[in-house]
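K.L.:
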Amino acid sequence: MPVNAEKEITKLWRNLHNAQSEICKTFYRWREVAIEVAGPDVKPLDIALKAAEMMGKDMGKNFLPRLNWLKGEETFMMNLGRALAGIWVTEGGTAMADKGENPGEVLIRCTRCPWPTAAKEFGVPMEEVALTRERLFQTILEDVNVFFNINLKIEMLKAIPRGEGEYLLKLYKEN
Amino acid sequence: MAKVLFEWDYSSYPGAKAYPNLFKPIQMGNLMVPNRIKYAATEDNLNDHNGFITDADVAYMRSRAEGVVGGLCFMQGVYMDEAGKGQGYVGQAGCWDDKYVEGLKRIADAIHGEKAIAGFQLMDCGRVGAVEVESGHGPSTVPQRLRIFKPMFEMTNAEVKEMVQQHVDAAKRGVEAGFDVIEISGIVGYLISNFLSSYTNRRTDEYGGDIRGRCQSMVEIIQGVKEVCGPDIPVGIRLCSEELLNDVKGNTPEESMETYKIAEEAGADYISCTLGWQESIFPVISRDIPQGNWLYLAKRAKENVKIPIQMAYRLFTPDKPDKAVADGELDIWEICRSMIADPLMPKKVLEGREDEVRHCVACNLCLARLFRDAPMTCYINPRCAHEHDENFTPKPTEEEKEIMIVGAGPAGMECAYVAAQRGHEVHVYDKIGEVGGTILDASRAPYGDEELMTCVNYQKTMCEKAGVEFHLGEEVTEQLIADEMPDTVVLATGPVYPVIGGSEDRDDVVNVLDVLSGKAQVGETVVVYGNRKPGIGVALFLAKQGKKVTIVGKEKSAGFDINPSFKWRYMIYLKQNGVMAYNDCDIEELNDGEIIVKTYDGYRFPVKCDTVVVSEREANESLKKIVQAEGIELFVIGDALVPRNLSSAVHDGYRIGLRI
């Protein structure tokens with residue numbers, strides 16, 4: 114039976130997108146559970162930030178075997194930026210890393226992000242979405258910094274949930 | 002005058018004439034070592050989980066002690082802290098209390114029983130420790146690169162001093178147990194190496210900073226251990242000559258050599274020269290590294306220090322170390338995996354029985370097992386770690402049988418010589434005119450697979466010496482079985498290859514062995530069907546000829562049957578050679594110039610190809626019913642039973658050879 118490429122790709126794409134949208138929804142379902150279990154004294158934002166820290170810590174571990182200082186600082190930074198952008202892509206976003214204005218600076222730009230849409234469905238404040246994203250990336254860097262004995266920072270300059278049209282994060286080395 | 006523990010005279014042995022430099026004495030500290038051979042300390046996971054020595058470990062060590070023919074024989078490194086942070090292996094021997102001395106004495110006695118020099122090693126596993134507890138310790142809190150290892154935390158200054166004392170106390174127990182040499186392990190990611198390395202030591206107290214500061218704990222340990230050992234017990238240390246950690250800002254080679262000089266200054270009587278860490282991204286001991294590749298590091302070490310230098314690392318045969326000793330590049334040949342594969346290897350060399358050596362094939366199964374909390378085993382030595390077990394020891398048969406073995410591959414030949422040694426009359430048949438079976442062709446795969454033939458060569462020698470009769474070029478048929486009517490038939494015929502594409506006569510479908518042997522013509526665009534080791538081997542073989550190769554296989558990941566300690570190499574080679582692998586997939590259709598691949602979840606896509614190379618294998622049922630119908634005792638072994646690997650073939654053959 115000949116392969117119908119259009120049919121195969123459509124089927125594959127649909128299933129991929131379903132799986133991607135489940136990533137955000139699963140997180141917000143667990144957020145609701147955690148809020149209920151934690152009780153009224155704990156702020157939902159604190160729970161979300163704690164979750165971002167734990168996830169970031171674990172994701173950071175995956176970065177360590179893949180980064181290589183031998184390739185030079187510029188390549189190292191760009192590879193790290195691409196890996197961070199890759200997290201968004203896996204989740205169904207559109208993101209890329211580019212050189213920044215200053216040497217050793219990388220800009221990570223995300224123009225399509227699935228998180229705000231999912232957050233709306235679950236009644237999550239938009240500012241929480243932005244802060245959670247920022248915390249996730251910052252925590253990823255913690256282990257990378259200790260492991261390579263460097264001091265990298267990441268700063269969120271723009272965020273879609275803040276109505277700024279895109280995410281823009283600056284990855285840079287603090288002297 | 003240097004102390005002599007046991008008198009050895011090698012002058013009448015052929016091996017001492019062939020390799021005169023390996024069988025001449027050397028002074029190490031105040032101890033005279035009669036030869037240049039050392040069984041290097043190797044974890045075996047044979048002891049109990051509380052660190053007490055078992056019968057299995059004593060027997061394991063005794064056989065290695067016999068092998069070194071008077072040389073150095075080191076037991077595995079012991080951990081020294083009650084908390085178990087330094088314990089890196091579930092069966093690692095403990096030495097943090099006097100209660101361990103009795104068991105350790107059994108090992109020392111077993112080694113002395115073979116007139117060998119007993120070595121004791123102190124090994125806090127540091128960064129790769131804490132196997133039974135939640136977290137480990139180290140000079141600084143540096144995250145783990147490999148998830149297999151536990152998180153580790155910075156030791157306080159007082160804890161570092163306590164650790165130094167633990168080494169000294171353990172050394173004292175080793176001396177009390179009767180050991181003759183004490184060695185400190187400072188390699189591959191263990192605690193001392195963590196202190197030495199700029200990658201893992203970021204301390205600002207006296208145990209960190211520049212290379213001298215990072216060496217401070219090592220210096221205190223050497224000096225403390227020397228003090229309890231006295232003048233007659235040499236104290237050595239194993240140190241990395243290169244960490245191969247440049248990608249994470251580890252020590253430079255110059256800094257590593259500085260650690261050697263500092264160790265010598267501190268009083269070390271010898272240095273065992275190693276390289277690489279478990280976290281290094283460069284291969285060091287896998288089969289793709291040529292033999293003798295690292296000898297230049299021993300030479301460099303000798304240029305930097307005056308004390309004896311020892312080295313293992315891809316030195317499997319005596320010729321290279323013998324020459325290195327003669328050339329002044331090495332003092333003592335350390336042997337590790339080669340004596341796991343054949344504990345009597347140096348003894349056989351000495352006695353002129355080199356052809357009886359079962360050579361290590363550098364598969365690293367032994368190491369892979371240790372990291373997965375399993376007892377030591379060897380890919381090609383079925384008796385390894387079963388030295389104490391009567392059930393693994395060949396015994397003379399009570400009923401002599403005539404045995405027909407069909408297939409002169411590794412399964413058949415292993416079975417043949419074991420059965421023949423036990424007193425059976427053994428005939429081995431093979432339809433082709435030479436021995437080796439599948440390995441004959443499999444050993445043509447690139448990246449060191451030619452070393453697999455050493456197993457076949459060993460088995461052939463053993464068969465010949467045991468009186469096995471070969472009938473090569475003779476195919477076993479129903480008529481032959483009826484004519485011979487043996488008491489037992491062992492089918493070791495190797496696997497069969499499934500027919501794909503609906504016909505056996507297709508020119509564009511060939512099997513892996515025909516490709517490797519050059520019998521089959523292969524196009525420029527090839528699909529290899531099967532993503533286990535045979536598929537990967539032939540894919541690389543073809544890719545290196547410039548062909549475009551795609552692997553399609555049913556296993557979830559390519560090479561799942563390869564030891565993890567080696568598999569990563571193959572994954573890199575596939576990438577380097579541009580081989581694409583579609584895993585968790587099957588070939589649904591075979592069309593003209595393409596195949597249709599179907600994924601496990603039903604997606605279909607075409608892949609262009611001129612030739613399909615089948616490396617998937619199936620059990621071989623031929624002759625089984627014929628033998629059963631004659632009422633003859635039947636055994637099926639190796640790939641004929643279930644297609645697996647060389648190791649399974651050898652182990653199957655050995656076990657059935659013992660049972661018949």
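Respectively, the protein sequence lines represent chains A and B. In terms of the working numbering, the first sequence opens at residue 114 and continues consecutively. In terms of the working numbering, the second sequence opens at residue 2 and continues consecutively. A virtual CB, placed ideally from N, CA and C, is assigned to each residue, including glycine.
#1: Beta carbon of V513 (chain B), beta carbon of V643 (chain B): below 7 Å?
#2: Quick one: list the residues of chain A neighbouring P607 (chain B), beta-carbon separation under 9 Å, in chain order.
#3: Write down the C-beta distance between I381 (chain B) and C456 (chain B) rounded to the nearest angstrom, noting that I regard them as a contact closer than 8 Å.
#4: Under a three-way DSSP split, which group does C586 (chain B) fall into?
#5: So with CB distances below 8 Å, who are the chain A contacts of I383 (chain B)?
#6: Measure the alpha-carbon distance for E401 (chain B) versus A421 (chain B) and round it to whole angstroms.
#7: Under 7 Å between C-beta atoms, does D98 (chain B) make it to chain A?
#8: Give a yes or no on whether the C-beta atoms belonging to V1 (chain B) and V539 (chain B) are separated by under 7 Å.
#9: Quick one: list the residues of chain B neighbouring W182 (chain A), beta-carbon separation under 7 Å, in chain order.
#10: How would you call Q629 (chain B), buried or exposed, if buried means at least 16 neighbouring beta carbons within 10 angstroms?
#11: Cβ closer than 9 Å: which chain B residues qualify as neighbours of K174 (chain A)?
#12: Let me check one thing: in DSSP terms, what residues is I530 (chain B) bridge-paired to?
#13: Tell me which same chain residues have a C-beta within less than 7 Å of the C-beta of R128 (chain B), skipping the five on either side of it?
#14: Got a sec: is the Cβ-Cβ distance from Y604 (chain B) to anything in chain A below 7 Å?
#15: So which residues on chain B does F261 (chain A) lean against when the C-beta distance must stay under 8 Å?
#16: Which chain B residues are close to K124 (chain A), counting only those with a beta carbon under 9 Å from its beta carbon?
#17: Quick one: using the 10 Å Cβ neighbour count with 16 as the cut-off for buried, is R127 (chain A) buried or exposed?
#18: Mind listing the chain B neighbours of D256 (chain A)? Cutoff is C-beta to C-beta under 7 Å, in chain order.
#19: Going by C-alpha distance, which of A:D154, A:A161, A:E234 and A:I273 is nearest R144 (chain A)?
#20: Go through the segment 210 to 257 of chain A residue by residue and report every complete run of the alpha helix (DSSP H) that reaches 4 residues or more, in order.
#21: Are the beta-carbon atoms belonging to L371 (chain B) and E44 (chain B) less than 7 Å from one another?
#22: Give me the DSSP bridge partner(s) of Q122 (chain B).
#23: Determine which residues share a DSSP beta bridge with D431 (chain B) and list them.
#24: Within 8 Å, do at least three Cβ pairs link the segment 201 to 210 of chain A to the segment 221 to 239 of chain A?
#25: Have a look at B:A57, B:R570, B:L453 and B:S242 and flag the residue whose alpha-carbon is nearest the alpha-carbon of Y297 (chain B).
#26: Under three-state DSSP, which class holds F24 (chain B)?
#27: When you compare each of B:T612, B:E67 and B:A493 to K548 (chain B) by their alpha carbons, which one comes out closest?
#28: So, under 8 Å CB-CB, P344 (chain B) and S64 (chain B) are touching, yes? Tell me the CB distance rounded to an integer number of Å.
#29: Specify the secondary structure class of V285 (chain B) as computed by DSSP and reduced to three states.
#30: Would R195 (chain A) pass as a contact of A210 (chain A) if the rule is Cβ separation under 7 Å?
#31: Rounded to a whole number of angstroms, what is the C-alpha to C-alpha distance between L254 (chain A) and L284 (chain A)?
#32: Residues of the segment 219 to 250 of chain A with a CB closer than 8 Å to any CB of chain B: list them in chain order, please.
#33: What is the DSSP secondary structure of V539 (chain B), counted as helix, strand or coil?
#34: Measuring alpha carbon to alpha carbon, tell me which residue in B:R301, B:R315 and B:L543 is nearest P309 (chain B).
#35: Which one of B:R174, B:V79, B:E426 and B:L659 has the shortest CA to CA distance from R384 (chain B)?
#36: What do you reckon, are the CB atoms on A582 (chain B) and I552 (chain B) nearer than 7 Å?
P.N.:
To lay it out plainly:
#1: The answer is no: Cβ separation not under 7 Å.
#2: Within 9 Å Cβ-Cβ: P115, V116 and A118.
#3: Confirmed, about 5 Å.
#4: Residue state, collapsed to three classes: strand.
#5: What sits at residue 383 (chain B) in the sequence shown is Pro, not Ile. For a Cβ distance threshold of 8 Å, nothing in chain A lies close to P383 (chain B): the least Cβ distance comes to about 35 Å.
#6: One alpha carbon belongs to E401 (chain B), the other to A421 (chain B), and they sit about 10 Å apart.
#7: D98 (chain B) does not count as touching chain A.
#8: Because residue 1 (chain B) is not part of the residues shown, which for chain B are 2 to 661, the question remains open.
#9: Those within 7 Å of W182 (chain A) in chain B are D248, V249 and K250.
#10: Around the beta carbon of Q629 (chain B), a 10 Å sphere encloses fewer than 16 other beta carbons of the protein chains shown; the residue is thus reported as exposed.
#11: Near K174 (chain A) (Cβ distances below 9 Å), the residues of chain B are P144, Q145, R146 and R148.
#12: For clarity, residue 530 (chain B) is Tyr in the given sequence; the question names Ile instead. According to DSSP, Y530 (chain B) bridges with B:V553 and B:V615.
#13: Exclusion of the five residues before and after R128 (chain B) leaves G137, G139, F150, M153, G190, N195 and T201 as the residues of its chain whose Cβ lies within less than 7 Å of its Cβ.
#14: By this cut-off, Y604 (chain B) is an interface position.
#15: Around F261 (chain A), the beta-carbon contacts reaching into chain B at under 8 Å are V249 and K250.
#16: Under the 9 Å cutoff, chain B gives G603 and Y604.
#17: Exposed is the call here.
#18: Residues of chain B passing the Cβ test: P144.
#19: Out of A:D154, A:A161, A:E234 and A:I273, A:A161 has the C-alpha closest to the C-alpha of R144 (chain A).
#20: As far as the segment 210 to 257 of chain A is concerned, its whole alpha helix (DSSP H) runs of at least 4 residues are 228 to 234.
#21: Contact: yes.
#22: In the DSSP assignment, the residues bridged to Q122 (chain B) are B:G78 and B:E184.
#23: Per the DSSP secondary-structure output, D431 (chain B) pairs in a beta bridge with B:L473.
#24: Yes, the segment 221 to 239 of chain A is in contact with the segment 201 to 210 of chain A.
#25: It is B:S242.
#26: Correct three-state label for F24 (chain B): coil.
#27: Per the Cα distances, B:T612.
#28: Indeed, because the Cβ distance is near 4 Å, the residues count as touching under 8 Å.
#29: In the displayed model, V285 (chain B) falls within coil according to three-state DSSP, outside both helix and strand.
#30: Taking 7 Å as the Cβ cut-off, R195 (chain A) and A210 (chain A) qualify as a contacting pair.
#31: Their backbone Cα atoms lie some 10 Å apart in a straight line.
#32: For the segment 219 to 250 of chain A, the set of positions with a beta-carbon nearer than 8 Å to some beta-carbon of chain B is empty.
#33: Here V539 (chain B) sits in helix by DSSP.
#34: When C-alpha distances from P309 (chain B) are compared across B:R301, B:R315 and B:L543, the shortest belongs to B:R301.
#35: Selected option, being the one with the closest Cα: B:L659.
#36: I552 (chain B) is positioned such that its CB atom lies closer than 7 Å to that of A582 (chain B).
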